[in-house]
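Undergrad: Residue numbers (the working numbering): 460 to 703.
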Amino acid sequence: MEKFEKKQQLYEGKAKKVFATENPDYVIVSYKDDATAFNGQKKGTIVGKGVINNKMSNMLMAMLEKKGVPTHFVEQLSDRETVVKKVQIVPLEVIIRNVAAGSFSKRYGVKEGTKLSIPTIEFSYKCDELDDPLINDYHALALNLATEQEIARIKELAFKVNDLLIEFFKHLNIDLIDFKLEFGRFHGEVILADEISPDTCRFWEAGSWDTEKHVSLDKDRFRRDLGGVEDAYNEVFKRLTEGE
Ligand code: TMP
Ligand code: ASP
Numbered sequence: 460m461e462k463f464e465k466k467q468q469l470y471e472g473k474a475k476k477v478f479a480t481e482n483p484d485y486v487i488v489s490y491k492d493d494a495t496a497f498n499g500q501k502k503g504t505i506v507g508k509g510v511i512n513n514k515m516s517n518m519l520m521a522m523l524e525k526k527g528v529p530t531h532f533v534e535q536l537s538d539r540e541t542v543v544k545k546v547q548i549v550p551l552e553v554i555i556r557n558v559a560a561g562s563f564s565k566r567y568g569v570k571e572g573t574k575l576s577i578p579t580i581e582f583s584y585k586c587d588e589l590d591d592p593l594i595n596d597y598h599a600l601a602l603n604l605a606t607e608q609e610i611a612r613i614k615e616l617a618f619k620v621n622d623l624l625i626e627f628f629k630h631l632n633i634d635l636i637d638f639k640l641e642f643g644r645f646h647g648e649v650i651l652a653d654e655i656s657p658d659t660c661r662f663w664e665a666g667s668w669d670t671e672k673h674v675s676l677d678k679d680r681f682r683r684d685l686g687g688v689e690d691a692y693n694e695v696f697k698r699l700t701e702g703e
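Quick look at the structure:
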């Protein structure tokens, strides 16, 4: 097995740092406990989040890979560090929704917890200066953010991930309300990148989405000052690892 040595830092994002390795095809990501919301306007710490997000994301990516979704996951090195394929990120945040919540509820005036007739997909243009604006396929093509083939593949993979994650979390008594994915290019192929964690998904206690008072087990507890943030991350992680 190849030994991965951490070299210089390439990038620091809001929740992760990225380091080079000796192999130009691989980088090491290191997950932080830093939490932000509303494009960095709200800042805080969620103690232990980095460890949970690292391990959870790796478990989910490994599961998805087994079911035929190509991902960037290579090898977990430690509690917070993982070797991943070095991709060129497609600058689109890919959001899948099963139940109305968050910005969808606000934008379209739909009560949070309303089940959608079909799962939906939307793209945001990954650009902090512009606050990640909503963008459609034509705009993405016109701005050369991705090719038609890449967009088609991203949609296909994102809906497949949705089917697999819904089923996976159902067994943990969690309803997958919505989530955000990012994809990258690796040797000409589009693969799943970034992370899948309570930072990037809405997880509601099973069955609670059709009541006024749903129980969030995700970063909404931080975004909305609901309290019990760490407990929520720990609870999802506990259910995930108990099921192993
Ligand atoms: P939204 O309802 O605020 O648009 O969020 C939709 C989903 O995307 C939700 O599961 C949280 C996730 N998300 C991110 O991962 N990063 C972000 O920057 C935002 C705004 C949302
Ligand atoms: N991406 C957001 C931020 O930049 C965080 C979020 O709402 O998930 O702060």
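Where a beta carbon is used, it is the ideal one built from N, C-alpha and C, also for glycine.
Thinking just about the alpha-carbon of each residue, which of T495, K462, A494 and C586 is nearest to the one in L536?
TA: For L536, the nearest C-alpha among the options comes from K462.
Undergrad: Leaving aside the five residues before and after I625 along the sequence, list all residues of the same chain whose C-beta is less than 6 angstroms from its C-beta, in chain order.
TA: Result list for I625: L635, in chain order.
Undergrad: Among all the DSSP beta bridges, which residues are the ones paired with C660?
TA: Paired residues: F638.
Undergrad: Contact check, V553 vs I613 under 8 angstroms by CB: the rounded distance?
TA: Indeed, because the Cβ distance is near 6 angstroms, the residues count as touching under 8 angstroms.
Undergrad: What would DSSP say about E654, mapped onto helix, strand or coil?
TA: E654 falls in the coil class under three-state DSSP.
Undergrad: Please determine whether the Cβ atom of C586 lies at a distance below 6 angstroms from any heavy atom of ligand 3.
TA: Ligand 3 is not part of this structure, which contains only ligand 1 and ligand 2.
Undergrad: For the alpha helix (DSSP H) that S537 lies in, which residues bound it at each end?
TA: Here S537 belongs to no alpha helix (DSSP H), and DSSP marks it neither H nor E.
Undergrad: Let me know the secondary structure DSSP gives N603 once reduced to three states.
TA: It is coil, neither helix nor strand.
Undergrad: Does at least one heavy atom of ligand 1 sit under 6 angstroms from the Cβ of D637?
TA: Yes, the beta carbon of D637 sits closer than 6 angstroms to at least one heavy atom of ligand 1.
Undergrad: Just curious, the alpha helix (DSSP H) that S516 is in, first and last residue?
TA: Start and end: K508 to K525.
Undergrad: Quick one, are the C-beta atoms of E654 and S489 less than 7 angstroms apart?
TA: No, the pair does not count as a contact, with Cβ atoms beyond the cut-off.
Undergrad: Going by C-alpha to C-alpha distance, which of F532, L699 and D484 sits closest to H630?
TA: The residue with the shortest Cα to Cα distance from H630 is L699.
Undergrad: Which class does E552 belong to by DSSP, given the choice of helix, strand or coil?
TA: It is a strand residue.
Undergrad: Go to S740, then tell me how far its beta strand (DSSP E) extends in each direction, as first and last residue.
TA: Missing from the structure shown is residue 740; the chain here goes from 460 to 703 and no further.
Undergrad: Do you know how far the Cα of R566 is from the Cα of K466?
TA: If you take the alpha carbons of K466 and R566, they lie about 44 angstroms apart.
Undergrad: Which whole-angstrom value is the C-beta distance of W668 and G568, which I expect to be below 8 angstroms?
TA: Actually they are not in contact, since the Cβ atoms of W668 and G568 sit about 18 angstroms apart, beyond 8 angstroms.
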